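According to our numbering, the stretch in the sequence shown is residues 82 to 257, in order. Here a beta-carbon is modelled for each residue, glycine too, at the ideal position from N, C-alpha and C. Predicted model, so just to flag it, every value in this text is computed and none were measured. The structure appears below as structure tokens.
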Amino acid sequence: MKFIFKALFLLLICSQLSAQNKLPGLLIRLDDIGMNHSVNMAMQQVAKTGMPFSASVQFACPWYQEAVEILKKNPQVSVGVHLTLTSEWKNYRWGPVLGKEAVPSLVDKVGYFHQSTGDFANSGYKMEEVERELSAQIERAQASGLKITYIDPHMGVALSNPTMRALTEKLARKYK
């Protein structure tokens, strides 16, 4: 809900500045797209304004397909893959694209991604599983038919240490 209010507030400010022909050089990135229906609807409302922005989609989340449908109708939006290895909400969780059996070091005891970056860092994750899962997320994004223009990390995990950063850069080069 905070996301929606922030997006709408920013939209109001930008539309006022645009009306005065004083639009600042500002890059707007909508985060966690595909996480749930309300986030997707907020993105759709921003897209209707014509304001340029980018959308970072969590292809590991349950509502990513709705986000894809919306984004296909809005080709002016720059789309990125929000590389996801954590699931921070207490009562709304998600897990790996590959399934918990394929990447067991990436999930908690109930099969979801770890809730915090600290939990992930201390989980004993295996880098080969991280690479397979992040590759699967990027491949799902590419298979969606959207033009993918960037990747970025959810909660900073994919850039949290030199090894993770090197992997993220490797994947960016591989899938560009």
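query                                                                                                                                                                    : result
Do histidine 118 and glutamate 71 count as a contact pair if the criterion is CB distance below 8 Å?                                                                     : Residue 71 lies beyond the residue range present for the chain, which begins at 82 and ends at 257; the question has no answer from this structure.
Assuming the contact rule is C-beta atoms closer than 8 Å, leucine 215 and leucine 164 should be a hit. Round their C-beta distance to whole Å, please.                  : 5 Å
Please list, in chain order, all residues of the same chain as lysine 207 whose beta carbon is under 6 Å from its beta carbon, the five residues on each side excluded.  : Ser186
For glycine 115, which residues from the same chain have a beta carbon less than 6 Å from its beta carbon, with the 5 sequence-adjacent residues on both sides left out? : Val138, Gln139, Cys142, Trp144, Tyr145 and Ala148
Ignoring anything shorter than 3 residues, give me the beta strand (DSSP E) runs that lie fully in the segment 136-219, in order along the chain.                        : 159-164
With a 10 Å radius around its C-beta and 16 neighbouring C-beta atoms as the bar for buried, classify proline 243 as buried or exposed.                                  : exposed
What's the gap between the Cα of lysine 154 and the Cα of alanine 202?                                                                                                   : 38 Å
Pull up the CB-CB distance for phenylalanine 134 and leucine 111, whole angstroms please, since I reckon it's below 8 Å.                                                 : 6 Å
Could you pull the DSSP bridge partners for leucine 111 from this structure?                                                                                             : Ala136
Which one of Gln223, Lys228 and Val211 has the shortest CA to CA distance from proline 234?                                                                              : Val211
Using DSSP bridges, identify the partner residues of tyrosine 231.                                                                                                       : Gly161
Is the CB-CB distance between isoleucine 232 and valine 162 below 8 Å?                                                                                                   : yes
Going by CA-CA distance only, name the one from Ala136, Ala123, Pro177 and Val158 that's closest to arginine 221.                                                        : Pro177
Which of the three DSSP states is assigned to serine 119 in this structure?                                                                                              : helix
When burial is assigned at 16 or more other CB atoms within 10 Å of the CB, is leucine 252 buried or exposed?                                                            : buried
The alpha helix (DSSP H) that contains leucine 240, what's its start and end?                                                                                            : Per DSSP, leucine 240 belongs to no alpha helix (DSSP H) and is neither H nor E.
Just to confirm, is the Cβ distance from valine 160 to threonine 230 under 8 Å?                                                                                          : yes
So what does DSSP say about threonine 130, is it helix, strand or coil?                                                                                                  : coil
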